[in-house]
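Have a look at the structure below, then the notes.
There are 2 protein chains.
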Amino acid sequence: MAIELTALETPALLLDEARMHANITRLRDRLPAPGPFLRPHVKTAKCLEVALAMSGGVPGPITVSTLREADRFAQAGFRDIVYAVGISPNKLTHAMALLASGVQLSVILDSVEAASALTAFMQGRPERLDVLIEIDTDGHRGGIAPAAPELLVVADALRSPSVRLQGVLTHAGESYNCRSTGALEAMAEQERAGAVLAAQRLRAAGYPAPVVSIGSTPTALTARDLSGVTEVRAGVFVFFDLVMAGVGVCTPHDIALSVLTSVIGHQRDKGVTLCDAGWMALSRDRGTASQPVDQGYGLVCDAQGRVLPDFIVTAVNQEHGSIAHRNGDPGRYLDVPVGTMLRILPNHACATGAQHEGYQVLGQDGTVTARWPRFGGW
Amino acid sequence: MAIELTALETPALLLDEARMHANITRLRDRLPAPGPFLRPHVKTAKCLEVALAMSGGVPGPITVSTLREADRFAQAGFRDIVYAVGISPNKLTHAMALLASGVQLSVILDSVEAASALTAFMQGRPERLDVLIEIDTDGHRGGIAPAAPELLVVADALRSPSVRLQGVLTHAGESYNCRSTGALEAMAEQERAGAVLAAQRLRAAGYPAPVVSIGSTPTALTARDLSGVTEVRAGVFVFFDLVMAGVGVCTPHDIALSVLTSVIGHQRDKGVTLCDAGWMALSRDRGTASQPVDQGYGLVCDAQGRVLPDFIVTAVNQEHGSIAHRNGDPGRYLDVPVGTMLRILPNHACATGAQHEGYQVLGQDGTVTARWPRFGGW
Numbered sequence: 006m007a008i009e010l011t012a013l014e015t016p017a018l019l020l021d022e023a024r025m026h027a028n029i030t031r032l033r034d035r036l037p038a039p040g041p042f043l044r045p046h047v048k049t050a051k052c053l054e055v056a057l058a059m060s061g062g063v064p065g066p067i068t069v070s071t072l073r074e075a076d077r078f079a080q081a082g083f084r085d086i087v088y089a090v091g092i093s094p095n096k097l098t099h100a101m102a103l104l105a106s107g108v109q110l111s112v113i114l115d116s117v118e119a120a121s122a123l124t125a126f127m128q129g130r131p132e133r134l135d136v137l138i139e140i141d142t143d144g145h146r147g148g149i150a151p152a153a154p155e156l157l158v159v160a161d162a163l164r165s166p167s168v169r170l171q172g173v174l175t176h177a178g179e180s181y182n183c184r185s186t187g188a189l190e191a192m193a194e195q196e197r198a199g200a201v202l203a204a205q206r207l208r209a210a211g212y213p214a215p216v217v218s219i220g221s222t223p224t225a226l227t228a229r230d231l232s233g234v235t236e237v238r239a240g241v242f243v244f245f246d247l248v249m250a251g252v253g254v255c256t257p258h259d260i261a262l263s264v265l266t267s268v269i270g271h272q273r274d275k276g277v278t279l280c281d282a283g284w285m286a287l288s289r290d291r292g293t294a295s296q297p298v299d300q301g302y303g304l305v306c307d308a309q310g311r312v313l314p315d316f317i318v319t320a321v322n323q324e325h326g327s328i329a330h331r332n333g334d335p336g337r338y339l340d341v342p343v344g345t346m347l348r349i350l351p352n353h354a355c356a357t358g359a360q361h362e363g364y365q366v367l368g369q370d371g372t373v374t375a376r377w378p379r380f381g382g383w
Numbered sequence: 006m007a008i009e010l011t012a013l014e015t016p017a018l019l020l021d022e023a024r025m026h027a028n029i030t031r032l033r034d035r036l037p038a039p040g041p042f043l044r045p046h047v048k049t050a051k052c053l054e055v056a057l058a059m060s061g062g063v064p065g066p067i068t069v070s071t072l073r074e075a076d077r078f079a080q081a082g083f084r085d086i087v088y089a090v091g092i093s094p095n096k097l098t099h100a101m102a103l104l105a106s107g108v109q110l111s112v113i114l115d116s117v118e119a120a121s122a123l124t125a126f127m128q129g130r131p132e133r134l135d136v137l138i139e140i141d142t143d144g145h146r147g148g149i150a151p152a153a154p155e156l157l158v159v160a161d162a163l164r165s166p167s168v169r170l171q172g173v174l175t176h177a178g179e180s181y182n183c184r185s186t187g188a189l190e191a192m193a194e195q196e197r198a199g200a201v202l203a204a205q206r207l208r209a210a211g212y213p214a215p216v217v218s219i220g221s222t223p224t225a226l227t228a229r230d231l232s233g234v235t236e237v238r239a240g241v242f243v244f245f246d247l248v249m250a251g252v253g254v255c256t257p258h259d260i261a262l263s264v265l266t267s268v269i270g271h272q273r274d275k276g277v278t279l280c281d282a283g284w285m286a287l288s289r290d291r292g293t294a295s296q297p298v299d300q301g302y303g304l305v306c307d308a309q310g311r312v313l314p315d316f317i318v319t320a321v322n323q324e325h326g327s328i329a330h331r332n333g334d335p336g337r338y339l340d341v342p343v344g345t346m347l348r349i350l351p352n353h354a355c356a357t358g359a360q361h362e363g364y365q366v367l368g369q370d371g372t373v374t375a376r377w378p379r380f381g382g383w
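Chains A and H, in that order, are what the protein sequence lines are.
Using this note's numbering, the letters of the first sequence correspond one by one to residues 6 to 383.
Using this note's numbering, the letters of the second sequence correspond one by one to residues 6 to 383.
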């Protein structure tokens, strides 16, 4: 299979395979060898081929954001799975089905309420579910503060023959708001130290807590010390995106994902070129809006992937994108004929990917060499 | 089938069937009987059952935003289809396949360039493709101004035995920014008058131009005069959403679509309740951000659909939503147990729907009576 881009109907999601492999190698090379230290988050790609590439060609430990992901990857041989969203009671029956199929599933929670609901559900069951307590190391979202007394109360509430408290998990989502290497390194250390402290407190109280799971793409790529950590989770590193470029952990040239689009018209008096990539193809993600460089709904490249400096998607409707110069000057509009193909680099790879059913995989010569399916849902 | 909501895994997309039918009746009752005056836009629902309900139970004329929609609905018997996004040359082969299958397909364009590309492609072909010229009646996006000389130049460029210029099409997307009934009525009249003027100019120049197609949900629901119009397109009216409530053409009680979610934790010191509906379930649409009442990522209801006043989703990650009081007061946070089910009303029904694979259809007693699939892609 070697299909020219011009033979594709637009919009289409392109994946530059060489860039993807380079991104994977970059992160893997930072982590201590040997062993399953990297537990990649498969929510970004939701694609078997990408997950295998992240795991070095054979199924390894993974992180998922939905039980649907757990189902699909388990069927493909991935048996060591952390479901890294606080478990709600209505998902426990589904979790039991995964255990019954032989998956080593870990769930997370951060409250006595959730722990009690879990042990009540597990009461008398023959299965054993692994649990990690979610730790809040950055005030970003969920979790228990590393030094909070509640940590040990939750651990106590998890005492059950059907539950195995395996340790702690944290995610320094606040690292997305860091603006310098120094800030990223400090955030990475804060994430590490908080998780290690929480695990130490559990161990001091008599819980084994062998697992100390940390990770976000920015901290995974900048941490200078991983002492006490047993695994690193990251997801978006595999494709990168404009938000990560804005954080400073990649450049636009590293971004492996783009949306191929066609010019469908012009509004020359406004300096606007219309294309067929709207929010359905790009997503509504505006993650760069709060960064120093606002990339609109995406940065425009030519069909070969070369950035057209300062042309961004300034507005989207469902199937329309408006391309203009970032300074809004109508005199500098993108004057290319109807039918011209362009590529749009995404703000947020997870969100843009989620709008598509699969990847058109680009080989080194720029032709499409494969199509890899992806899935959604819960 | 009568499944209790509590038996569903969350997040899940709910469709209140009675509200949907009431919304359809409301628009249909406004339009002149008899005849196929309503050409509903199926991009909002992308669902056969919903399209049939909009068409009165049997396939009727429809509007689509992708050729995938045309394929799927054609297979289900919908044969009169307007593809209402400017056609790009790489979609013409696909369009020919639709014609070959017996579909009466109309495409739209707004430039000499696109018209010339189309006639060049059609040159010597046995098929005949219907074309509508896109008219810009509100400065919102694409199209030719009703009085612009270019209109007749484009019409001339469409002269071909394989092309039939059928008339004009416009979409008053700017109506979404209207803030009063008077403004909506004025916008509806502007949309009507512009489209009719463009058609009259074509006819005066010798083109038949039988079709005058207008429509947006706000103008369709407020227009006081439809003289000269032959069809009305609208889509979001079938479900409504918070943006439409903000425009003033519905109330939250009319919104037929919601996302069922479960509480998974709390950050009590911040006044935040975490749920399992993130942007993957709600979309990243922030359409109410520019309206007088900003609904965040959605308005929170209890599991039965009763609005919990002033609780909104203030932040989203991929699979996490943060619920808080809209005034940000931590003292007024939503104090409900982990596992509590809630519903989130969407900002934008098209965008939220697009994140899901199907609808859990609610009957009058609040149980799930059916599951209707939906599709995406191009």
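Yeah, the Cβ is synthetic: ideal placement off N, Cα and C, and Gly gets one too.
Item	Value
Can you grab the Cα-Cα spacing for the pair residue 166 (chain H) / residue 212 (chain H), in whole Å?	14 Å
Considering residue 205 (chain H), what are the terminal residues of the alpha helix (DSSP H) in which it resides?	186-209
Taking the alpha carbon of residue 292 (chain A) as the reference point, which residue from A:196, A:356 and A:7 has its own alpha carbon closest?	A:356
Alpha carbon to alpha carbon, how far is residue 157 (chain A) from residue 56 (chain A)? Give it in angstroms, no decimals.	35 Å
Kindly list, in the order they appear in chain H, the residues whose Cβ is closer than 8 Å to that of residue 355 (chain A).	323
So with CB distances below 8 Å, who are the chain H contacts of residue 290 (chain A)?	284 and 289
Using only the alpha-carbon positions, how far apart do residue 48 (chain H) and residue 35 (chain H) sit?	22 Å
DSSP on residue 298 (chain H), reduced to helix/strand/coil?	coil
Considering only the alpha carbon of each residue, which of H:371, H:146 and H:242 lies closest to residue 32 (chain H)?	H:242
Between residue 206 (chain H) and residue 288 (chain A), what straight-line distance do the alpha-carbon atoms span, to the nearest angstrom?	39 Å
Could you check where the beta strand (DSSP E) with residue 267 (chain A) kicks off and where it finishes?	262-272
Looking at residue 111 (chain H): is its Cβ nearer than 8 Å to the Cβ of residue 88 (chain H)?	yes
Establish whether the CB of residue 383 (chain A) and some CB of chain H are separated by less than 8 Å.	yes
Taking contact to mean 3 or more Cβ pairs, one atom from each stretch, closer than 8 Å, check whether the segment 357-369 of chain A and the segment 225-233 of chain H are in contact.	no
How should residue 54 (chain A) be labelled, buried or exposed, when 16 other C-beta atoms within 10 angstroms of its C-beta is the threshold for buried?	buried
What in chain H is Cβ-close to residue 91 (chain A), meaning under 9 Å?	269, 270, 279, 281, 325 and 343
What is the rounded straight-line gap between the Cα of residue 9 (chain A) and the Cα of residue 372 (chain A)?	5 Å
Can the beta-carbon of residue 201 (chain H) be found less than 8 Å from the beta-carbon of residue 217 (chain H)?	yes
Can you tell me where the beta strand (DSSP E) with residue 80 (chain H) in it begins and where it stops?	From DSSP, residue 80 (chain H) is part of no beta strand (DSSP E) but of the alpha helix (DSSP H) over 72-80.
Given this structure, state the Cα-to-Cα distance separating residue 70 (chain A) from residue 90 (chain A), to the nearest angstrom.	6 Å
Following the continuous beta strand (DSSP E) through residue 354 (chain H), name the residue where it begins and the one where it ends.	That residue, residue 354 (chain H), is in no beta strand (DSSP E); its alpha helix (DSSP H) goes 354-358.
So, is residue 161 (chain A) buried or exposed, given that buried needs 16 or more other C-beta atoms within 10 angstroms?	exposed
Among all the DSSP beta bridges, which residues are the ones paired with residue 376 (chain A)?	A:365
Does the structure place the segment 295-313 of chain A close enough to the segment 255-273 of chain A that three or more beta carbon pairs sit under 8 Å?	yes
Taking the Cβ atom as the reference point for each residue, do residue 84 (chain H) and residue 135 (chain H) lie within a distance shorter than 8 Å?	no
Anything in chain H within Cβ reach of residue 15 (chain A), meaning under 7 Å, just list it in chain order.	93 and 95
Rank A:150, A:329 and A:188 by C-alpha distance to the C-alpha of residue 174 (chain A) and give the top, closest one.	A:150
At least one CB of chain A closer than 8 Å to the CB of residue 348 (chain H): is that the case?	no
Distance cutoff 8 Å, beta carbons only. Does residue 48 (chain H) sit that close to anything in chain A?	yes
Taking residue 117 (chain H) and residue 86 (chain H) to be in contact with their CB atoms under 8 Å, please state how far apart those CB atoms are, rounded to whole angstroms.	Wrong, their Cβ atoms sit about 25 Å apart, outside the cutoff.
Compare the beta carbon distance of residue 278 (chain A) and residue 189 (chain A) with 8 Å and say whether it is the shorter of the two.	no
Figure out for me which residue from A:95, A:51 and A:93 has the closest Cα to the Cα of residue 74 (chain A).	A:51
Take residue 377 (chain H) and list the residues in its own chain whose beta-carbon comes closer than 8 Å to its own, dropping the five residues that flank it on each side.	20, 52, 53, 54, 55, 363, 364 and 366
Could you give the DSSP three-state label for residue 172 (chain H): helix, strand or coil?	strand
Please report the straight-line C-alpha distance between residue 192 (chain A) and residue 298 (chain A), rounded to a whole angstrom.	22 Å
Please name the residue, chosen from A:154, A:143 and A:153, that lies closest to residue 219 (chain A) on a Cα-to-Cα basis.	A:143
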